[in-house]
Amino acid sequence: EKGTITEFMEPWPQIEDEVRQAYYSGQIIYRIETGLRWGDFRNIFIPIKKEFSRHYALGSDYPLSNVQGFQTKNIILAFTITTLLIFPIISFVYVSFSWFLQVISNLKKARFVSLKFKITFFISAMILISISIISYIFLLNGKKIIQEKTLEMCRSLASNIGTIAREDLLLDSTYDATNKALSEFGRNSIESINSVYLINAYGKYVADLTKTKKGQYAPESEIEYIQTLKEIEMREEYSIKARKYFLKFTHPIFIEYKGKTIRIGATIFEYDKEKLFRPVYEVQKIIFYTGILLLLVVILITYLLSGYVTKPLLYLTEGTKIIAKGDLDYVLEISSNDEVGILSKRFNEMTFNLRKSYDELEVKVVQRTIELSKTQATLTSVLETAPIILFATDKDGMITLCEGKALIHIGIQRGQAVGISFFELFEDKQEALSAAKSALNGTNIIVLEQLERNTFEVNFNTLYDAENNIVGFVSTYFDITENLKSQQVIKDEKDKSDKLLLNILPFKIANELKLNGSVKPILYNSVTVVFTDFKGFTKIASHMSPEELLSKLDMIFLQFDQICERRKIEKLKTIGDAFMCAGGLPEVNNSHPIDACLAAIEMQHFMNETKTIIEEISGEKFWDMRLGIHTGEVIAGIIGKTKFAYDVWGDAVNTASRMESNGDIGRINISNSTYEIVKDFFDCEYRGKIEAKNKGMIDMYFLNRIKEKFSRDERGITPNEEFMEIYQKMI
30 EKGTITEFME PWPQIEDEVR QAYYSGQIIY RIETGLRWGD FRNIFIPIKK EFSRHYALGS
90 DYPLSNVQGF QTKNIILAFT ITTLLIFPII SFVYVSFSWF LQVISNLKKA RFVSLKFKIT
150 FFISAMILIS ISIISYIFLL NGKKIIQEKT LEMCRSLASN IGTIAREDLL LDSTYDATNK
210 ALSEFGRNSI ESINSVYLIN AYGKYVADLT KTKKGQYAPE SEIEYIQTLK EIEMREEYSI
270 KARKYFLKFT HPIFIEYKGK TIRIGATIFE YDKEKLFRPV YEVQKIIFYT GILLLLVVIL
330 ITYLLSGYVT KPLLYLTEGT KIIAKGDLDY VLEISSNDEV GILSKRFNEM TFNLRKSYDE
390 LEVKVVQRTI ELSKTQATLT SVLETAPIIL FATDKDGMIT LCEGKALIHI GIQRGQAVGI
450 SFFELFEDKQ EALSAAKSAL NGTNIIVLEQ LERNTFEVNF NTLYDAENNI VGFVSTYFDI
510 TENLKSQQVI KDEKDKSDKL LLNILPFKIA NELKLNGSVK PILYNSVTVV FTDFKGFTKI
570 ASHMSPEELL SKLDMIFLQF DQICERRKIE KLKTIGDAFM CAGGLPEVNN SHPIDACLAA
630 IEMQHFMNET KTIIEEISGE KFWDMRLGIH TGEVIAGIIG KTKFAYDVWG DAVNTASRME
690 SNGDIGRINI SNSTYEIVKD FFDCEYRGKI EAKNKGMIDM YFLNRIKEKF SRDERGITPN
750 EEFMEIYQKM I
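Residue numbers (the working numbering): 30 to 760.
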């Protein structure tokens, strides 16, 4: 691919006369041969020397197909890229520019941008960017081609010169053949060549086309570069002295010695970059200037053509202006059978339908006016009879409407307040003034206002115009005096029913019943149940009147209720002379056995004290009370659907009843399960195992009092601070 080096040892009779003449004159020849059976080639012939009537030369052939193929391929690629990219790029630019113009138009209310201008801008921008892209691609492609061709030429020449100058490089001297080859190259080379150097492996310039560096040594960096170079390479360097860029093509020179490849030097070609690429720059300028001229022509043609295209649209625009002014009888002339003609036809149809709708609308307006008048009369009638006041104001708070029967409550008549400031009329009503200011700021507010003995609900609502600007507010006064009275009656009755319900049921259970209409049964793992019963109740009661009997029971159970409430015990029910309560429900707690025992001591003490006082004062017999306590598992819930009752069930209830029936009068009998919990706080007396009905033998204890160290009094009824401190930690 890169050409072959051939040494002609024998005469070549078929050689052309111009080549033979070049041999005789010692000139280097560059030619391009086309139409050969093996393709097109570039020929380079370099004479070496003449000995014994024989001429020797170096010849190099390089196929041109590489360069031509490269050029064609890049040109096709350039046009393909342009075709694929130019339209979307211009479309994006056009849309962005249109959007920008629209934003500017909206901000500054500038005049519209015509379609003619947009079309001209679009076409012009597309051509300008196309020219720029093609020009730039051509520049890159041209530079690439020249660079590749120069590189290959330097490679061929460097190989030839290196063959000639091997002896010069090895002996560190310059012979005539090398000088002559460089001189011929300088005379016949292109204008952009600056110099050609031959440098040996040690960095000494052996030959120099300009004869300025011969015999000198290259910089260390140049020597290191040459010693590592394996094949021809191109570098770009900037000369501060010459103030220009140079392209340097460096080709290493090797020899074969005893089977080894030895580097003996290098050939350096130095080109003026600006001069080398000048043809490309000139062609690029031609393309650009031609494109600009083409752009101007296209702009002119596009402008004239877009004017012809947009003329029907301007005519259509003028027609819409006439119709917009109210001339619905105007008809657009249809002069073309294209999209504009179809648009004109549809526009005439729209105008016809609009005129028809307008006629129908006039009829509806007349009908609506009649209906509105009727509505106005109805509204006036309502305002004159209903307990309502209606004010309307402008944005400054000046009253523009004043209606309503209830105006009498503020001492004015219908329409009398029109023209007066709302803020002056109600200057002593700070809440109303604040609401009015809020309504003028766009916030609707409802307030209550007292006028004489009547209470009004006042709605302050903002008024807006068609452009959503605040133009005032409306305040509507509704007399809710009777409504408030009704609500208060309802509230009072509700409070009574809630209070009655709370007297029957615990607070938590009552709330659940009100919310859900029912109460789910709940299993409590630990509850302390207390039973009381009066001994001799029937015998003593037989000597009392019913009123006296109920009075005494009410007095006793009232005290029990207060004790239960104080000790967090829930009263469950009374059955005749029996009283039943429980701790630990419906709110679960850990202290219910202690709470029940404290309550039991207070109850038993109250009964004992009451019995002593009554018998000593009146001499009448009074009841003795047995009290039983047991701690265990129960189920609690609501009984009944009309007459509700909160009750508990389970073995613990039966056991507590047996504790009461197996106790002694004036004493408290507790079960073993209760004893195990309260024994550290109370003095208890073990009674042994006692048989209970349907329960068998049960351990029972008498609860006597609070332990002395925990008691505030001598009888062990009231707990002291130490007791309460331990109690608080427990709960």
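Glycine residues also receive a C-beta, built at the ideal position from the N, C-alpha and C atoms. Because the structure is a prediction, the values reported are computed rather than measured.
Under 8 Å by Cβ, that's how I've got residue i and residue j pegged, so tell me the actual separation to the nearest angstrom.
i	j	result
residue 390	residue 377	That belief does not hold up - the Cβ atoms of residue 390 and residue 377 are roughly 20 Å apart, past 8 Å.
residue 632	residue 592	6 Å
residue 716	residue 739	Residue 716 to residue 739, Cβ: 23 Å. No contact.
residue 149	residue 332	5 Å
residue 291	residue 284	5 Å
residue 726	residue 720	5 Å
residue 359	residue 348	6 Å
residue 676	residue 601	6 Å
residue 483	residue 521	In fact, because the Cβ distance is near 21 Å, the residues do not count as touching under 8 Å.
residue 745	residue 712	7 Å
Return the bridge partner residues of residue i from the DSSP annotation.
i	result
residue 505	419 and 488
residue 16	Since the first residue of the chain shown is 30 and the last is 760, residue 16 is not available in this structure.
residue 281	295
residue 480	483
residue 183	DSSP lists no partner for residue 183.
residue 580	Bridge partners of residue 580: none, in fact.
residue 678	664
residue 590	None, per the DSSP bridge assignment.
residue 656	561 and 697
residue 499	493
residue 598	612
residue 237	226
residue 450	427
residue 370	Answer is none; residue 370 lacks a bridge partner.
What would DSSP say about residue i, mapped onto helix, strand or coil?
i	result
residue 472	coil
residue 573	coil
residue 548	coil
residue 308	helix
residue 749	coil
residue 617	coil
residue 607	strand
residue 227	strand
residue 358	coil
residue 221	coil
residue 247	coil
residue 258	coil
residue 718	strand
residue 731	strand
residue 521	helix
residue 432	strand
residue 554	strand
residue 725	strand
Spatial neighbours of residue i within its chain, please: CB distance less than 8 Å, with the 5 preceding and 5 following residues excluded, ordered by chain position.
i	result
residue 494	500
residue 175	305, 306, 308 and 309
residue 153	324, 327, 328 and 331
residue 449	427 and 428
Might you give, ordered along the chain, the residues of its own chain that have their beta carbon closer than 6 Å to the beta carbon of residue i, omitting 5 neighbours on each side?
i	result
residue 563	606, 652 and 654
residue 552	664
residue 421	429, 430 and 503
residue 701	728
Starting from the C-beta of residue i, find all residues in its chain whose C-beta is less than 7 Å away, skip the five residues before and the five after it, and write them out in chain order.
i	result
residue 680	661
residue 258	279, 281 and 295
residue 565	652 and 653
residue 242	226 and 234
residue 635	588
residue 199	293
residue 424	469, 499, 500 and 501
residue 637	695
residue 193	77, 206, 207 and 210
Are any of the Cβ atoms in chain D nearer than 8 Å to that of residue i?
i	result
residue 152	Of the chains in the structure shown, none is chain D; there is only one protein chain.
Three or more C-beta pairs closer than 8 Å, one from the stretch 688-705 and one from the stretch 625-634: is that the case here? Counting Cβ pairs under 8 Å, three or more are found: they touch.
Is it a yes or a no for the stretch 706-721 touching the stretch 610-624, going by three-plus beta-carbon pairs under 8 Å? Enough Cβ pairs lie closer than 8 Å, so yes.
contact_flag[the stretch 231-238, the stretch 307-318] where n(CB pairs < 8 Å) is 3 or more: No: the two stretches stay apart, fewer than three of their Cβ pairs being nearer than 8 Å.
For the structure I just gave you, are there three or more beta carbon pairs, one from the stretch 504-514 and one from the stretch 475-494, closer than 8 Å? Short answer: they touch.
Is it a yes or a no for the stretch 319-330 touching the stretch 340-353, going by three-plus beta-carbon pairs under 8 Å? Here the stretch 319-330 makes no contact with the stretch 340-353; the two share fewer than three CB pairs at distances below 8 Å.
Hey, is the stretch 609-619 in contact with the stretch 633-643, meaning 3+ C-beta pairs nearer than 8 Å? As far as the Cβ criterion goes, the stretch 609-619 does not touch the stretch 633-643, which means the pair count is below three.
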